[in-house]
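Before any comments, here is the structure.
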Amino acid sequence: MTAAATMAAAARDLVLRSGASDMEEEEGSLGGGPGLQEPLQLGELDITSDEFILDEVDVHIQANLEDELVKEALKTGVDLRHYSKQVELELQQIEQKSIRDYIQESENIASLHNQITACDAVLERMEQMLGAFQSDLSSISSEIRTLQEQSGAMNIRLRNRQAVRGKLGELVDGLVVPSALVTAILEVPVTEPRFLEQLQELDAKAAAVREQETRGTAACADVRGVLDRLRVKAVTKIREFILQKIYSFRKPMTNYQIPQTALLKYRFFYQFLLGNERATAKEIRDEYVETLSKIYLSYYRSYLGRLMKVQYEEVAEKDDLMGMEDTAKKGFFSKPSLRSRNTIFTLGTRGSVISPTELEAPILVPHTAQRGEQRYPFEALFRSQHYALLDNSCREYLFICEFFVVSGPAAHDLFHAVMGRTLSMTLKHLESYLADCYDAIAVFLCIHIVLRFRNIAAKRDVPALDRYWEQVLALLWPRFELILEMNVQSVRSTDPQRLGGLDTRPHYITRRYAEFSSALVSINQTIPNERTMQLLGQLQVEVENFVLRVAAEFSSRKEQLVFLINNYDMMLGVLMERAADDSKEVESFQQLLNARTQK
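See below:
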């Protein structure tokens, strides 16, 4: 850039010099030669005109004076004309040199021009190619999108076809009847596992056809006839088999539980009938109910009749009350009997009937007991009878629920259709027996037997007997309360003066009370009942009043105290043997005894 600036300054000097020489030549021509100078004629020059502006000239002059070359020339005193010519000469030389350089480089310049032209052509072609590529990429992108859409549509069609294939396969599998199924239903006995397997297959196909018919599937018509014929054949074979099993219950000396258990292995037969032939299913159920109802009724009527033959011959009667005079002294030593009133009010070993081991012990076998001349109190017979009833009822209820596919109220109704007559017969027999029963301990033991059996039935999840237990208790409780009230009344109405000779030993009535009260208290402790405690409380009050009335018959105070102490001590001792130490009866007699002994 410095050389260029120098060249530009030299050019300006050359121009100034050439301008000065021109002016000198004009002056010489005008003046006629050197040395001749004539005044410059400016004429009418208007220096204020637009053609020549002094301000601009000053600016240019000032700019030229600032130039370094001019400054250098002015400082050295160089002649500007000579300097201008020198610069001009240098410029000419430079120009010629430059021209020669251009000429020398003309071929390269031409080659460069050709190369540039060729490059332009190549770039133009590349531009065209890139444009084509861009166009192709645009079309490829659209094609990819199209392929993606087509792929998505094909996937949807594939899934739809697979779904249709699966549904269609299930439909075909459900409708097609294989030859193995036909052979098994027609030829194989019902007791073989193969028949049961193919029967389940037939039931599934019949259900599938019914479902497809509701949807209007036309293909069902092709297999409906075959399935109907197979269904009829299967129903016929099943009906004959189950009825044959039910009829086998009727054979004498037959343990019906064995064929009943065998039927459970074929419970699907009845389910098949329920789904395909309800009329036959109802026929089988009605036949079962009728047969088992008669069997149970006959069995329990016979068993109950034979069971009552091994009861004690002599039982408590209406005169065997606590306040009655002991008039059975003759017969007491002649033969053991409950007519000895002291034994009527004693528990002895009778309480073992409600122990866990005895409660679920095997039932009594009447003919075995008769051969051994064994006799039992009523509560033992009651336990054996109702344990057999409980065991068979639980088994029957569970069989009904499992084989006949019922539950809830339906199972309850079917159970009572089978066992209802037997339960009614048992209730009538119990009601008849209780009408002439005066053994309060026996009745109270029967109440606790029922309470325990009811708990056992609940543990076995058999609610069908709940109503029966309530009916039995509804018979036992009123009778027990009546007998207890009769004893209370007998003690209340007892006249000490009619009891014969008096002594200070414990009275037989107080002994009866002690044995009887301790028996009831010990039984009631297992399953407490408030009503029982209230009745015993009434009986205790009457016995205490009776003791005071008898004591009043003694003339001396000492005899009265001795009599009271002996009786209270005896009753307290008996009660403490069986009842808990903190029972109301024990506490009451303990206080009475302490009150008498401290006087």
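Terminal number for the sequence shown in full-length UniProt numbering: 599, no gaps in between. Ideal placement from N, C-alpha and C gives every residue a C-beta, glycine not left out.
With distances taken between CA atoms, Phe-345 lies nearest to Glu-317 out of Glu-88, Glu-317, Asp-503. The beta carbon of Val-562 sits closer than 8 angstroms to the beta carbons of Thr-504 from its chain, once the five residues preceding and following it are set aside; these are given in chain order. In the DSSP assignment, Pro-496 falls outside any alpha helix (DSSP H), carrying neither H nor E.
Listed in chain order, the non-local C-beta contacts of Tyr-438 below 7 angstroms within the same chain comprise Ala-316, Glu-317, Lys-318, Asp-320, Ile-483, local neighbours out to five positions each way being set aside. When DSSP assignments are scanned along the segment 342–394, the uninterrupted stretches of alpha helix (DSSP H) that are 4 or more residues long and fall wholly within it turn out to be 356–359, 366–371. Ranked by Cα distance from Met-308, the options Ile-242, Phe-378, Thr-422 are led by Phe-378. With respect to the 7 angstroms criterion, Met-322 and Asn-487 are classified as neighbours on the basis of their beta carbons. The three-state reading of DSSP puts Gln-525 in coil, since its state is none of H, G, I, E or B. By a beta-carbon distance limit of 8 angstroms, Phe-453 contacts Leu-390. Their separation comes to about 5 angstroms. Note that the C-beta distance between Val-547 and Asn-566 is not below 7 angstroms. Under the 10 Å beta carbon count, Arg-512 is surrounded by 16 or more other beta carbons and is classified as buried. A Cβ-Cβ separation of about 6 angstroms places Ile-185 in contact with Lys-233 under the 8 angstroms criterion. Check the Cα spacing between Ser-432 and each of Ala-411, Leu-304, Gly-573, Leu-451: the tightest is with Leu-304. The beta-carbon separation of Glu-287 and Ile-238, rounded to 13 angstroms, does not stay under the 8 angstroms limit for a contact.
Secondary structure note for His-416: its alpha helix (DSSP H) is the uninterrupted segment 409–434.
Thr-357 and Gly-351 have their C-alpha atoms some 12 angstroms from each other. Put simply, the segment 213–222 does not touch the segment 247–263. Fewer than three CB pairs are less than 8 angstroms apart.
When only Cα atoms are considered, Val-353 and Phe-382 end up about 10 angstroms apart.
Inter-segment contact for the segment 127–141 and the segment 173–181 is absent: fewer than three beta-carbon pairs are separated by less than 8 angstroms. Taking a cut-off of 8 angstroms on C-beta distances, the segment 363–378 does not touch the segment 535–550, as fewer than three cross pairs fall below it. Per DSSP, the beta bridge partners of Gln-311 are Tyr-376. Boundaries for Met-322: no alpha helix (DSSP H) harbours it, and the DSSP string shows neither H nor E there.
In the DSSP annotation of this structure, the continuous segment of the alpha helix (DSSP H) that includes Glu-201 starts and ends at 193–214. The Cβ atoms of Ile-447 and Leu-465 do not sit closer than 7 angstroms to each other. Shown here for Ala-514: same chain residues with a beta carbon closer than 7 angstroms to its own, the five before and five after excluded, namely Met-570, Met-571, Val-574, Leu-575 in chain order.
Cys-119 counts as exposed, since fewer than 16 other beta carbons sit within 10 angstroms of its beta carbon. Each of Asn-545, Leu-434, Leu-347 was checked against the Cα of Ser-522, and the nearest Cα belongs to Leu-347. For Leu-465, there is no enclosing alpha helix (DSSP H), since its DSSP letter is neither H nor E. Under the three-state reduction of DSSP output, Lys-265 falls in the coil class, being neither helix nor strand. Sequence-distant Cβ neighbours of Phe-195 in its own chain, meaning closer than 7 angstroms and more than five residues away, are Ala-184, Val-188, Pro-189. With contacts defined as CB atoms closer than 7 angstroms, Val-235 and Thr-191 fail to qualify as a contacting pair. Within a 10 Å sphere around the beta-carbon of Lys-205 sit 16 or more other beta-carbons, which makes this residue buried. When the Cα atoms are used, Lys-282 and Gln-271 turn out to be separated by approximately 12 angstroms.
DSSP, read as helix, strand or coil, puts Thr-183 in helix.
A straight-line Cα-Cα distance of about 26 angstroms links His-416 and Pro-478. Note on Ser-98: under 16 other CB atoms within 10 angstroms of its CB, so exposed under the neighbour-count rule.
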